[in-house]
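Below: the structure, in structure tokens.
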Ligand code: SF4
Ligand code: SF4
Ligand code: SF4
Ligand code: SF4
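In structure tokens:
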């Protein structure tokens with residue numbers, strides 16, 4: 001073999017070795033990153049946080065939101081914990097978000113991981129309160145309703161439904177969460193007196209279902225009805241029923257010459 | 001201007017002897033940069049910590065220095081951000097808010113002027129760990145296990161950028177021991193210290209200057225940034241006796257290639273972190289911090305003075 005081809009072979013082998021090393025190390029690195037990013041599905045983010053994937057990409061892990069929170073609600077995740085490394089989160093049972101009207105955490109965020117599009121703190125959706133009906137005191141028939149009373153959006157995010165019970169017992173007062181209004185602040189979870197909270201904040205994707213596009217709730221008039229059947233136009237008043245000439249009797253079915 | 005100056009072994013040995021025999025005041029004086037660097041490194045961490053934990057404020061509702069080395073705000077209005085982290089996020093294809101971009105530009109501009117790896121020697125907390133490992137290693141009989149190219153870090157740097165684009169998150173920020181260290185000092189304990197112990201042991205027992213000198217992509221990034229820095233170490237070839245003590249204390253000894261220094265008259269490599277070890281140590285006072293545009297003038301003045 002000539003000198004040149006030996007040199008070339010050496011070069012190619014080196015190249016192959018180098019690429020193999022780079023590919024192995026790169027794959028390992030990417031795997032580590034993916035593992036870390038595979039968000040602990042229960043991570044609750046500060047108000048205004050983007051969807052988890054975008055949030056993970058944009059958050060620079062600076063902790064300015066953590067410093068800005070006057071209630072020490074937010075923490076920055078350490079390495080090796082359950083929450084993706086270096087990102088802010090909160091645990092409502094320890095300290096909930098008190099829904100500051102001026103949203104200092106969001107204002108402190110330099111990257112937009114907490115989106116400045118959120119203007120009104122009541123529009124934030126950090127998670128959704130979910131009641132464990134089996135362990136809620138009110139659903140058992142006691143008069144608790146603490147979550148309802150503490151909820152900053154009471155009457156909207158948590159409503160009470162009364163259900164009569166038999167004679168001589170008071171009615172039952174069921175707290176019910178309305179996802180149209182619940183911010184996920186977790187004040188209810190903090191306040192719930194049961195030894196493990198009967199109401200908890202969970203990320204929406206963990207609890208919220210979705211009905212298929214094809215279902216039509218015909219009885220709710222907001223629902224557009226697409227089949228050919230159309231209900232009678234409500235404007236046309238129904239024709240007044242004809243007054244029978246004689247009192248209905250055995251023969252009334254034969255009226256009209258039948 | 002003649003050809004190559006001649007160096008005698010005797011001169012070099014005399015220089016080394018001079019160094020060994022320094023009086024204590026001179027010895028203390030030669031530690032000035034290491035003291036300043038530690039003050040700078042700890043001071044910055046302390047400002048972050050004090051703001052986070054003791055609510056340090058410059059005025060009412062004006063936190064002194066909030067955030068951490070990834071992104072911060074000084075005195076409530078002056079944004080700063082890690083340009084390498086911002087570059088990675090940019091490569092994930094996400095739109096950043098102007099504040100963090102401005103912050104990254106400010107920091108980048110600063111290091112373009114003073115030297116990129118000034119971050120390494122004067123700011124980075126991991127430098128505390130790797131300096132300690134390096135200091136110990138010099139005093140312990142630990143043989144080299146293998147050699148690794150110092151250019152490997154540029155590959156790691158490239159990989160960090162490529163992987164950011166592929167995985168959709170800032171690839172280095174999610175595994176960075178630097179981030180772990182300052183975050184966990186400022187915001188509370190995690191398992192980051194394990195990563196740092198690994199770096200310490202790696203540097204101490206496996207590869208000398210292993211992390212900072214061979215692998216760290218942030219150091220590599222700042223090495224690229226620092227190529228045109230204003231503040232550089234000037235080299236005076238007339239007084240240098242080639243004793244080689246400077247390269248012995250330098251964590252990046254390849255930047256002190258004396259032949260090259262003679263040609264350009266300064267430590268030109270971006271890998272120099274302006275740590276000042278060599279300038280404080282040189283027994284002949286041949287190495288000194290200077291401003292790049294003034295270096296030529298100072299050379300001429302010195303040569304003129306001696307003629
Ligand atoms: S809205 Fe207020 S209480 Fe809630 S996380 Fe932000 S700063 Fe803290
Ligand atoms: S302020 Fe923004 S970028 Fe910084 S940690 Fe909080 S969410 Fe992340
Ligand atoms: S506070 Fe807890 S126990 Fe009481 S009503 Fe609410 S969920 Fe039930
Ligand atoms: S090389 Fe990396 S770890 Fe070392 S001092 Fe520089 S930035 Fe810090």
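Residue numbers (our numbering), protein chains in the order written: chain A, 1 to 258; chain B, 1 to 307.
Heads up, the beta-carbon is just placed ideally off N, CA and C, and yes, glycines get one too.
Just so you know, these numbers come straight off a predicted model, no measurement behind them.
- In its chain, beyond the 5 residues on either side, 133 and 174 have a beta carbon closer than 7 Å to the beta carbon of residue 139 of chain A.
- The three-state reading of DSSP puts residue 110 of chain B in helix, counting H, G and I together.
- By alpha-carbon distance to residue 295 of chain B, the top candidate from B/284, B/239, B/118 and B/230 is B/230.
- The beta-carbon of residue 141 of chain A is placed no less than 7 Å from the nearest beta-carbon of chain B.
- With contacts defined as CB atoms closer than 7 Å, residue 103 of chain B and residue 79 of chain B qualify as a contacting pair.
- The beta carbon of residue 187 of chain A sits no closer than 6 Å to any heavy atom of ligand 1.
- Taking C-beta separations shorter than 6 Å and ignoring five residues to either side along the sequence, the partners of residue 282 of chain B in its chain run 246, following chain order.
- Listed in chain order, the positions of the segment 95-114 of chain B with a beta carbon within less than 8 Å of a beta carbon of chain A are 95, 96, 97, 99, 100 and 103.
- What residue 66 of chain A touches in chain B, judged by beta-carbon distance under 8 Å, is 52 and 187, going in chain order.
- At a cut-off of 6 Å, the beta-carbon of residue 152 of chain A does not count as near ligand 3: no heavy atom of the ligand is closer than that.
- The beta carbon of residue 105 of chain B lies closer than 8 Å to those of 83 in the same chain, with the five residues before and after it left out.
- The Cβ atoms of residue 92 of chain A and residue 209 of chain A lie no closer than 7 Å to each other.
- Closest in C-alpha terms to residue 260 of chain B, from the list B/275, B/284, B/248 and B/234, comes B/234.
- With a contact defined as Cβ atoms closer than 8 Å, residue 57 of chain A and residue 86 of chain B miss out at about 12 Å.
- With a cutoff of 6 Å, residue 47 of chain A does not count as near ligand 2, since its C-beta is closer than that to no heavy atom of the ligand.
- Only buried fits residue 90 of chain A, as 16 or more other CB atoms lie within 10 angstroms of its CB.
- Around the beta carbon of residue 31 of chain A, fewer than 16 other beta carbons sit within 10 angstroms, so the residue counts as exposed.
- Around residue 57 of chain B, the same chain offers 63 and 64 as residues with beta carbons nearer than 7 Å, after the five sequence neighbours per side are excluded.
- Contact annotation: residue 287 of chain B and residue 275 of chain B have beta-carbon atoms that are not nearer than 7 Å.
- Residue 94 of chain A is outside the set of residues whose beta carbon lies under 7 Å from a beta carbon in chain B.
- For ligand 1, no non-hydrogen atom lies closer than 6 Å to the CB of residue 182 of chain A.
- Neighbourhood of ligand 3, defined by CB distance below 7 Å to any of its heavy atoms: A/131, A/136, A/137, A/138, A/139, A/144, A/145, A/146, A/147, A/148, A/175, A/188, A/191, A/192, A/193, A/194, A/197, A/198 and A/199, in chain order.
- The DSSP-derived three-state label of residue 66 of chain B is strand.
- Within the segment 165-192 of chain B, 166, 167, 168, 169, 170, 171, 173, 174, 175, 179, 180, 183, 184, 186, 187, 188, 189, 190, 191 and 192 place their CB atoms closer than 8 Å to a CB of chain A, listed in sequence order.
- Distance check between residue 292 of chain B and each of B/114, B/41 and B/73 places B/114 closest, using alpha-carbon atoms only.
- Against chain A, the beta carbon of residue 92 of chain B has neighbours under 7 Å at 57, listed in chain order.
- By the Cβ criterion, the segment 158-177 of chain B is not in contact with the segment 37-50 of chain B, since fewer than three pairs of Cβ atoms, one from each stretch, lie closer than 8 Å.
- Counting C-beta pairs closer than 8 Å gives three or more between the segment 146-155 of chain A and the segment 182-197 of chain A, which meets the contact rule.
- Closest by C-alpha distance to residue 108 of chain A, out of B/42, B/67 and B/125, is B/67.
- Taken atom to atom, the span from the alpha-carbon of residue 120 of chain B to that of residue 96 of chain A is near 39 Å.
- Selection A/215, A/165, A/220 and A/130 evaluated against residue 205 of chain A yields A/130 as nearest (Cα-Cα).
- Annotation for residue 138 of chain B: the continuous alpha helix (DSSP H) segment containing it runs 126-139.
- Checking the 6 Å criterion, the Cβ of residue 104 of chain A is within range of a heavy atom belonging to ligand 1.
- Taking the Cα of residue 9 of chain B as reference, the smallest distance to any Cα among B/95, B/97 and B/240 is reached at B/240.
- The beta carbon of residue 12 of chain B sits closer than 6 Å to the beta carbons of 241, 242 and 243 from its chain, once the five residues preceding and following it are set aside; these are given in chain order.
- Taking a Cβ-Cβ cut-off of 8 Å, the neighbours of residue 89 of chain B in chain A comprise 57, 58, 60 and 111, given in sequence order.
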